[in-house]
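Colleague: Would you mind keeping the following structure in view while I ask a few things?
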Amino acid sequence: MTIARTAGRLSRALGRGGGTSVPGAVLLRLDETAPDRLARRLPDGVVAVSATNGKTTTARMLGACLAAADRRVVANRAGANLLSGVTTALLEGSAASPRPDIGLFEVDEAALPEVATRLSPRVLVLMNLFRDQLDRYGELECLASLWHEMIEGLGPDTTLVVNADDHAVLTLAGLGCPGAEGRPDGPRVVTFGVDDTSHALAEPPHAADATRCRCCGAELRHEPALLGHMGRWRCSSCGAVRPEPDVVARSVALDGVAGIELSVDTPAGRVDASIPIPGLHNAYNATAAIAGALAAGVPSELIGPALGTSVAAFGRGEQAALSGRQLVLLLAKNPAGANETVRTVLLEPGRLHVLVALNDRTADGHDVSWIWDVDYEPLLERIERLTICGDRAHDMALRFRYAGLDPERMHVVPDLAPAIDAAVAGAPEGARVYVLPTYTAMLGIREVLVDRGAVEAFWRDGADGLDGDG
Amino acid sequence: MSVVRLGHLYPRQMNIYADRGNIAVLARRLEWRGLRLDVESLETGDAIAPGRFDMFYLGGGQDRDQEVVAEDLAAHKAEGLHRAAQEGAPILCVCGGYQLAGAGYTGQDGGRMPGIGLLDVDTVAGPTRLIGDIVIDAELDGERRRVVGFENHAGRTRLGPGARALGQVVAGHGNNGEDGGEGAISGRVIGTYLHGPLLPKNPWLADVVLGWALEHAGSAQPLAQLDDQLETAARERATERAGKRR
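Going line by line, the protein sequences match chains A and B.
Sequential numbering from 1 applies to the first sequence in the numbering used here.
Sequential numbering from 1001 applies to the second sequence in the numbering used here.
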């Protein structure tokens, strides 16, 4: 274990990022069962969160709730969400004093089956499945069958917290089909959802994934959909219908890019929260966090105030001041996430200054065709000036050209630093610039902002979890 | 005003690789020239009325959806598509659509999904997926041009004597990763594994197909040149990527 920790320090010293996965990877090489053993030492076990979108933010919200209940939490850092990143966190936790009593991990959806099997989480929060990087994850169906197999292996010691509004996630958990009651020897299931239909979509967006009932194969209807394919779904044929969730957000108010207010009914009473993290997608994340926190034994009266203190994870609604303009970083890495980002930006008044950054590196997915599944069109009539950058800036420019954006409003500046300068220079003093980057583009943009003293480096950004030796 | 009538086959099921980008390119490139694209969806159960369409588009879908589509193609669409092909209406088939336009697809488990034989090709699932940026030298109407895209397919497609490859692989895998060919063409039916989507970065290919469709619509006028600087820059960037990652 000393070797593994040294590797982490070395990685950081060599400037290779935060050393957030290296020690775990080294430890796994030396001792393959180390994470399983380290997890068993945590007296309150492990809480795991997985989804296509919202893992990082939800885990942070859950972390704030657990901390409010005086639990000593060991958590992995944002993005270090494969087995190696989880193992790194467990390793660091094992050396901490005092020892942590609970693990909190966001887990990559493809890595989840192995991580869940090894760590036997007490609470497993499953939020959504959207179309993501096809070249990396394959089709949604492959992932769904992996999750199904994993859930089949869970026993009654696990509480499964699932999104009732996502037909696929609910049915994978063994609920949602007519007559389905879950296995008697299976996990305890708690459902959550959002009921505020003032946020209804006129129709599910283009990239909607779950269009067919998983119980019978017939067409699935939404009455209505609130976010992507999520909402009050109903099968057109077999009678499968979205159940009343156990934990349900009755009202959600969206305050532009500033934050949200929500009122959530739970079996333990109502939870009201005002959270400085924007967008309807984060209302879903907050509702999931509330259900997860209750399942982990956090008293309900502590949850609202705790959520109010949670802050946006890096690049997810984070703001930075630069040359008298306010940059708002809104990660947009797949169609469903980008659609919600567009929706959140549209809550803001007036003409919009937007910087879009498209990279095609491994963490982004090499295949950039997903941008054609994003509904950017509602932005067109609001954009004052669009700056486009990243490895595949020209692909994104074509997306907007064929959408019909006035070419005069579009500026292609492939390199990130000059693109940030151009976007800032093109916006009036005091204006906001909305930055929509893919994952590695977000890291790159943050690096530029760190260099200029506008934001802090992310591995020091350890408000949740232990900060290791960073 | 000349109008091209496009039959978009199964837009709900066969849209996994951002196929709507291809439709957007066809529509805009006509619009910018004072012409128009009328798009009509052809869903399961719909029949194809003779002479109703000047071109067709068939994209790719998830395996589960493709089985339903394969059945419906045979039952309700095959006859109409064969007739349209004989009458010179272009049919553009991408990814899964390419496989279904051939003789069929034999899965990993040996199960067979029959195609409709518009192209003399046959596809068998291989042990791995062929994934990555791809560059080909494509030939259409006697002209050779560079065409770029992204491929992601388990199927290994082989051509029979009735089809020729759409292009030769410069970088990437192509039909089967072995014979250097990519896609297939027979008359004005084109099949290819290139998505990304296919048409935004390859306006030459889009315009050739649109020219054919206009001919079918009875319009003889050649298509005016457009300013394709962004398209060219995007194609060059994708070509660079394909070279580097190999």
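Just so you know, even glycine gets a beta-carbon here, dropped at the ideal spot from N, CA and C.
Bear in mind that the values here come from a model prediction, so they are computed numbers and not experimental data.
(1) Can you tell which of B/D1065, B/A1070, B/C1095, B/R1020 has its C-alpha closest to the C-alpha of B/A1184?
(2) Interface residues of chain D around B/K1077 at Cβ under 8 angstroms?
(3) Within 8 angstroms (strictly less), CB to CB, does B/E1043 reach chain A?
(4) Of all the options A/V107, A/A258, A/D255, A/A288, which has the alpha carbon lying nearest to the alpha carbon of A/D265?
(5) Pick helix, strand or coil for A/M127, following the three-state DSSP scheme.
(6) So A/R250 and A/S263 are in contact, right, with Cβ under 8 angstroms, and what is the actual spacing, rounded?
(7) Please report whether the beta-carbon of B/P1197 lies at a distance below 8 angstroms from any beta-carbon of chain A.
(8) Using a Cβ cut-off of 8 angstroms (strictly closer), state whether A/S145 contacts chain B.
(9) Pull up the CB-CB distance for A/N81 and A/V107, whole angstroms please, since I reckon it's below 8 angstroms.
(10) By the 10 Å Cβ neighbour count, where 16 or more other Cβ atoms means buried, how is A/G390 classified, buried or exposed?
(11) Counting only runs of 3+ residues fully inside the segment 241 to 278 of chain A, write out the beta strand (DSSP E) ranges in chain order.
(12) Under 8 angstroms between C-beta atoms, does A/W459 make it to chain B?
(13) Nearest CA to the CA of A/Q319: which residue from A/A431, A/E384, A/R29, A/P156?
(14) What is the rounded straight-line gap between the Cα of B/L1006 and the Cα of B/H1216?
(15) With distances taken between CB atoms, is the gap from A/A441 to A/L416 smaller than 8 angstroms?
(16) Could you pull out every residue in the same chain whose Cβ sits closer than 8 angstroms to the Cβ of A/A200, ignoring the five residues on either side in sequence?
(17) Helix, strand or coil for B/T1044, going by three-state DSSP, please let me know.
(18) If you draw a straight line from the C-alpha of A/V354 to the C-alpha of A/G426, how long is it?
(19) Start and end of the beta strand (DSSP E) containing A/A180?
(20) The beta strand (DSSP E) that contains B/H1173, what's its start and end?
(21) Might you give, ordered along the chain, the residues of its own chain that have their beta carbon closer than 6 angstroms to the beta carbon of A/A463, omitting 5 neighbours on each side?
(22) State the DSSP-derived secondary structure class of A/R343, mapped to helix, strand or coil.
(23) Helix, strand or coil: how does DSSP classify B/V1025 here?
(24) Let me make sure I understand the geometry here. Which of A/D166, A/C177, A/L172 has the alpha-carbon closest to that of A/P204?
(25) Identify every residue that forms a DSSP beta bridge with B/G1155.
(26) Listed in chain order, which residues of the segment 364 to 378 of chain A have Cβ atoms closer than 8 angstroms to some Cβ of chain B?
(27) Excluding five sequence neighbours on each side, which residues of the same chain lie with their C-beta closer than 8 angstroms to the C-beta of A/G465?
(28) If you drop the 5 nearest sequence neighbours on each side, which residues of the same chain put their C-beta closer than 6 angstroms to that of B/E1236?
(29) Report buried or exposed for B/R959, applying the criterion of at least 16 other Cβ atoms within 10 angstroms of its Cβ.
(30) Give me the chain A residues within the contact set of B/D1063, using Cβ-Cβ distance strictly less than 8 angstroms, ordered along the chain.
(31) Are A/L346 and A/E384 closer than 8 angstroms when you measure CB to CB?
(32) Please compile the residues from chain B whose C-beta is within a distance smaller than 8 angstroms of the C-beta of A/Y402.
(33) Count the other CB atoms, across all protein chains shown, that sit within 10 Å of the CB of A/D461; report buried if there are 16 or more and exposed otherwise.
(34) Please tell me whether B/N1152 has its Cβ less than 8 angstroms away from any Cβ of chain A.
(35) Going by DSSP, what residues sit across from A/W233 in a beta bridge?
(36) Can you name the residues of chain A whose CB is closer than 7 angstroms to the CB of B/G1132?
Modeller: Taking the structure as given:
(1) The residue you call residue 1184 of chain B lines up with position 184 of the second sequence. The shortest Cα separation from B/A1184 among B/D1065, B/A1070, B/C1095, B/R1020 belongs to B/C1095.
(2) You won't find chain D in this structure, because its protein chains are A and B.
(3) In the second sequence, counting from the first residue as 1, residue 1043 of chain B sits at position 43. With 8 angstroms as the cut-off, B/E1043 does not count as an interface residue toward chain A.
(4) The count along the first sequence starts at 1 and reaches residue 265 of chain A at position 265. If we check each option's Cα against that of A/D265, A/A288 comes out closest.
(5) Taking the first residue of the first sequence as position 1, residue 127 of chain A is located at position 127. It is coil, neither helix nor strand.
(6) Reading the first sequence from its first residue, position 250 is the one you call residue 250 of chain A. Reading the first sequence from its first residue, position 263 is the one you call residue 263 of chain A. A/R250 to A/S263, Cβ: 5 angstroms. Contact.
(7) On the second sequence, residue 1197 of chain B is found 197 positions in, with the first residue counted as 1. At least one chain A Cβ lies under 8 angstroms of B/P1197.
(8) Indexing the first sequence from 1 puts residue 145 of chain A at position 145. Chain B, which has no Cβ nearer than 8 angstroms to the Cβ of A/S145, makes this no.
(9) As a working mapping, residue 81 of chain A is identified with position 81 in the first sequence. As a working mapping, residue 107 of chain A is identified with position 107 in the first sequence. That pair is a contact at about 5 angstroms.
(10) In the first sequence, the residue the question calls residue 390 of chain A occupies position 390. By the 10 Å Cβ count, A/G390 comes out buried.
(11) 247 to 255, 259 to 266, 269 to 275
(12) Position 459 of the first sequence, counting from 1, holds the residue named residue 459 of chain A. A caution first: A/W459 carries a pLDDT of 46, below 50, which makes its placement in the model too unreliable to give a value.
(13) For the purposes of this step, residue 319 of chain A is taken as the residue at position 319 of the first sequence. If we check each option's Cα against that of A/Q319, A/A431 comes out closest.
(14) Translated into positions along the second sequence, residue 1006 of chain B becomes position 6. Translated into positions along the second sequence, residue 1216 of chain B becomes position 216. When rounded, the distance between both Cα atoms is 11 angstroms.
(15) Here residue 441 of chain A refers to the residue found at position 441 of the first sequence. Here residue 416 of chain A refers to the residue found at position 416 of the first sequence. Yes, the pair counts as a contact, with Cβ atoms nearer than the cut-off.
(16) Your numbering for residue 200 of chain A matches position 200 in the first sequence. Cβ neighbours of A/A200 beyond the five flanking positions: P224, A225, L226, G231.
(17) One-based indexing of the second sequence puts residue 1044 of chain B at position 44. If DSSP states are grouped into helix, strand and coil, B/T1044 belongs with coil.
(18) For this step, residue 354 of chain A is matched to residue 354 along the first sequence. For this step, residue 426 of chain A is matched to residue 426 along the first sequence. For A/V354 and A/G426, the distance between alpha carbons rounds to 10 angstroms.
(19) Taking the first residue of the first sequence as 1, we reach residue 180 of chain A at position 180. Where A/A180 is concerned, there is no enclosing beta strand (DSSP E), given that its DSSP letter is neither H nor E.
(20) Here residue 1173 of chain B refers to the residue found at position 173 of the second sequence. Looking at the DSSP string, B/H1173 is not in any beta strand (DSSP E), and its letter there is neither H nor E.
(21) As a working note, residue 463 of chain A is residue 463 in the first sequence. Confidence in A/A463 is poor, its pLDDT being 35 and thus under 50, which makes the residue's placement too unreliable to answer from.
(22) The sequence position of residue 343 of chain A within the first sequence is 343, counting from 1. A/R343 falls in the helix class under three-state DSSP.
(23) Mapped onto the second sequence, residue 1025 of chain B falls at position 25. Helix, per DSSP.
(24) To locate residue 204 of chain A, count along the first sequence from 1; it is residue 204. The option with the nearest alpha carbon to A/P204 is A/D166.
(25) To locate residue 1155 of chain B, count along the second sequence from 1; it is residue 155. Paired residue(s): B/A1125.
(26) H366, D367, V368, S369, W370, I371, W372, D373
(27) Numbered from its first residue, the first sequence carries residue 465 of chain A at position 465. Residue confidence is low: A/G465 scores 31 on pLDDT, short of 50, so the model does not pin down where it sits. Its coordinate-derived value is still stated next. Closer than 8 angstroms at the Cβ level, and outside the excluded window around A/G465, lie G63, V73, V74, A75, N76, R77, A89, L104.
(28) Numbered from its first residue, the second sequence carries residue 1236 of chain B at position 236. Cβ within range, chain order: n/a, list empty.
(29) A query on residue 959 of chain B cannot be resolved here, the shown segment of chain B reaching from 1001 to 1246 and no further.
(30) In the second sequence, counting from the first residue as 1, residue 1063 of chain B sits at position 63. By Cβ distance, chain A contributes E139, E141.
(31) Counting from one through the first sequence, the residue named residue 346 of chain A turns up at place 346. Counting from one through the first sequence, the residue named residue 384 of chain A turns up at place 384. No, Cβ-Cβ distance for A/L346 and A/E384 is not below 8 angstroms.
(32) On the first sequence, residue 402 of chain A is found 402 positions in, with the first residue counted as 1. Within chain B, the residues near A/Y402 are G1021, A1024, V1025, R1028, P1200.
(33) In the first sequence, residue 461 of chain A corresponds to position 461, counting from 1. Confidence at A/D461 is low in this model, with a pLDDT of 45, below 50, so the placement of that residue is unreliable and no value is reported for it.
(34) The residue you call residue 1152 of chain B lines up with position 152 of the second sequence. It does: the Cβ of B/N1152 has a partner Cβ on chain A nearer than 8 angstroms.
(35) If you number the first sequence from 1, residue 233 of chain A lands on position 233. A/W233 is bridged to A/H222.
(36) The residue labelled residue 1132 of chain B in the question sits at position 132 within the second sequence. Per Cβ cutoff of 7 angstroms: H366.
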